[in-house]
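Protein sequence lines correspond, in order, to chains A and B.
Position in the first sequence (from 1) plus 235 gives the number in our numbering.
Position in the second sequence (from 1) plus 3 gives the number in our numbering.
Backbone N, C-alpha and C fix where the C-beta goes; we use that ideal spot for every residue, glycine too.
I have placed the structure first, in the form of structure tokens, so that the comments after it can refer back to it.
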Amino acid sequence: MSLALRVALRRADFSLDVNCELRASGVTAIFGRSGGGKTTLLRCIAGLERVGHAHIRFNDRVWQDGSQFVPTHRRSVGYVFQESSLFAHLDVRGNLEFALRRVPEEQRRVRLDEAIAWLGIQGLLRHRSTQLSGGERQRVAIARALLSSPQLLLLDEPLSSLDEASKSQLLAQLEHLRDQLSIPMIYVSHALGEVMRLADQLLLLEAGRVQALGPLQQILTRTDLPLHHELDAGTVIDAIIEEHDPAYHLSYVATSGGRLTVAMQSLPVGRHVRVRIDARDVSLALQPAVGTSISNILAARVLELSADRDPAQMLVKLEVGSDAVLARVTRRSVAQLGIVPGCSLYAQIKSVALMEP
Amino acid sequence: MTSADLVALWISCQLAILTTLLLLLLCTPLAWWLAQQDSRARVIIDALVSLPLVLPPTVLGFYLLILMGPAGWLGRVLHALHLPSPAFSFSGLVIGSMLYSLPFVVQPLRDAFQAIGRRALEVAATLRASPMDRFFSIAVPLASRGAITAAVLCFAHTMGEFGVVLMIGGNIPGRTQTASIAIFNHAESLDYGAAHRLSAILLAICLLLLLIVYSINRRLRPAGTPV
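Here you go:
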């Protein structure tokens with residue numbers, strides 16, 4: 236499963252020059268600043284934008300090459316737009332059935348009742364789009380896109396116009412869909428938090444050019460990318476719920492580098508989860524600290540050191556088990572502790588966030 | 004009211020209904036095309052379509068008469084095909100009315116199609132709807148308000164038409180004499196009572212139709228959108 240993209244576009248105010256191949260499974264996030272060409276690239280994939288010089292191939296089907304151009308309605312892509320896109324002349328059920336009716340029976344992979352249940356829109360079926368909140372509209376739009384049984388689901392910043400509460404609810408639903416469905420998704424966003432929660436693969440697009448492409452953790456911990464200038468730079472690592480401790484209201488998760496303590500979760504033991512560790516929450520020590528309130532201390536090896544945007548700080552890339560973790564520490568600490576690539580030390584993690592609802 | 008007046012009124016109604024139906028059918032594709040265009044061709048077509056708004060009806064009627072007459076190319080083509088000339092006949096009235104009312108149908112339809120915007124059609128395309136499917140399932144229902152406006156305006160405008168029908172139709176009672184021409188005849192012969200009655204009926208019909216248009220516009224307009 237793959238999506239090959241070669242798109243070259245030059246306009247007065249911006250250019251796009253992309254040549255890459257995406258793994259068409261799980262969630263691929265296209266991340267970058269606004270105006271960097273993310274939406275244009277997504278529109279090219281959907282066939283909504285016709286660029287002169289482009290080669291777009293999905294699995295073994297060529298969607299665009301030279302003068303060959305498969306129109307949008309024959310590409311079997313689902314598309315969730317940034318803002319509300321429900322048909323005003325139909326109610327919610329009508330919108331959903333619009334999608335369902337256009338898929339031949341034998342190609343249907345999502346049932347109407349399934350889509351309604353997944354997105355929790357049972358109570359809205361008779362409503363018109365003007366009667367819905369922004370979050371409800373996006374949920375209906377996602378259900379509608381799923382009902383067209385797409386082979387590829389494209390999401391263009393679907394959360395950007397929503398309030399925080401709707402955002403986190405919809406993120407949880409998207410996570411659930413990612414885990415339940417085998418539909419590959421391409422998720423455009425300029426919010427790093429959303430990307431960390433959802434993506435398996437990350438494509439950094441900067442000023443119309445691919446800056447980096449690869450598995451999420453690998454890209455997040457690359458210290459040569461401007462991603463680290465973001466205040467919430469960090470990484471995500473895979474973990475499994477190991478044990479609950481109701482007495483202290485804590486849960487323990489297993490990672491490749493050892494056990495971590497997180498706030499009590501209502502998830503079953505054995506469940507795969509993602510934990511997020513921000514660089515600014517990791518401090519370093521040469522010996523395992525005793526008499527500290529920090530409960531998450533893992534053995535680590537220094538992989539590389541790099542400058543931070545703040546001249547007083549440095550970014551230290553660590554190997555913890557088979558995962559990579561970033562630490563943001565002061566330049567003085569690096570000198571005093573004699574931290575160099577290859578040395579072994581202990582990562583003290585002040586805060587670990589479990590990325591599940 | 005005399006039976007001749009009733010016949011004239013009936014001819015007007017027939018003319019208005021037929022003109023409206025034919026124009027809706029023919030102008031929908033034209034308006035759809037115009038709504039998608041942003042070219043020089045559109046400027047020219049827009050101007051041509053709007054011409055009957057400013058042209059004196061007599062000018063339009065005069066040229067049509069020349070065209071349909073025995074020396075005009077339309078007249079010659081029809082003669083060669085052994086078809087009757089539309090001049091001074093009901094079919095001529097229909098042709099004239101269609102030209103005269105053209106902008107009243109094209110403009111509301113075009114504006115309604117334009118107001119739909121690109122987004123809804125793009126969404127439909129991603130939901131596997133073909134261009135034809137998108138036109139009928141998205142564009143037509145979303146433009147229905149424009150279509151109703153177009154139909155009512157066209158009907159009312161054709162009912163009240165005078166100059167063109169007089170030029171082309173020639174005021175033949177029972178065939179091409181419409182209500183508006185009958186009123187003119189009554190006034191000419193100083194029969195103000197008969198002119199009053201027929202005028203009042205036309206006034207009532209036109210006012211009623213416009214009331215329908217504006218109440219539909221008010222009801223169908225989604226909350227918060229400008230008129």
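Around residue 145 of chain B, the beta-carbon contacts reaching into chain A at under 9 Å are 322, 323 and 324. A direct Cα-Cα distance of roughly 11 Å separates residue 83 of chain B from residue 73 of chain B.
Closest in alpha carbon position to residue 343 of chain A, among A/382, A/242, A/484 and A/273, is A/382. Along the stretch 106 to 133 of chain B, going in chain order, the ones with a CB nearer than 7 Å to a CB of chain A are 122, 123, 125, 126, 128, 129, 130, 131, 132 and 133.
DSSP, reduced to helix, strand and coil, places residue 496 of chain A within a strand of the structure shown. Beta-bridge partners of residue 517 of chain A (DSSP): A/584. With a contact defined as Cβ atoms closer than 8 Å, residue 549 of chain A and residue 559 of chain A miss out at about 16 Å. If you compare the alpha carbons of B/153, B/135, B/183 and B/126 with that of residue 278 of chain A, the shortest gap goes to B/126.
Linking residue 118 of chain B to residue 385 of chain A through their CA atoms gives a straight-line distance of about 29 Å. Within chain A, the residues 322 have their CB atoms less than 7 Å from the CB of residue 141 of chain B, given in chain order. Residue 406 of chain A does not reach chain B, its nearest Cβ partner there being about 22 Å away, counting only Cβ pairs nearer than 9 Å.
By the beta-carbon neighbour count (other beta carbons within 10 angstroms, threshold 16), residue 578 of chain A is exposed. Against chain B, the CB of residue 312 of chain A has a partner CB under 8 Å away; the residue lies at that interface. DSSP places residue 478 of chain A in the uninterrupted beta strand (DSSP E) bounded by 469 to 480. Judged by pairs of C-beta atoms under 8 Å, the stretch 476 to 495 of chain A does not touch the stretch 515 to 525 of chain A, as fewer than three such pairs exist.
Against chain B, the beta carbon of residue 283 of chain A has neighbours under 8 Å at 125, 128 and 129, listed in chain order. With fewer than 16 other CB atoms across the displayed protein chains lying within 10 angstroms of its CB, residue 217 of chain B is exposed. Using a C-beta cut-off of 8 Å, the stretch 323 to 336 of chain A makes contact with the stretch 137 to 154 of chain B, since at least three inter-stretch Cβ pairs fall below that distance. Taken through DSSP and simplified to helix, strand or coil, residue 334 of chain A comes out as helix. The stretch 416 to 431 of chain A makes no contact with the stretch 493 to 505 of chain A; the number of CB pairs closer than 8 Å stays below 3. Going by beta carbons, residue 105 of chain B and residue 60 of chain B fall outside the 8 Å limit.
Close partners of residue 308 of chain A in chain B (Cβ separation under 9 Å): 127, 128, 129, 130, 131, 132, 133, 134, 136 and 137. The continuous alpha helix (DSSP H) containing residue 65 of chain B extends over residues 60 to 71.
Against chain B, the beta carbon of residue 337 of chain A has neighbours under 7 Å at 130, 131 and 132, listed in chain order. The continuous stretches of beta strand (DSSP E) do not include residue 483 of chain A, and DSSP gives it neither H nor E. For the pair residue 387 of chain A and residue 316 of chain A, the CB atoms are not nearer than the 8 Å cut-off.
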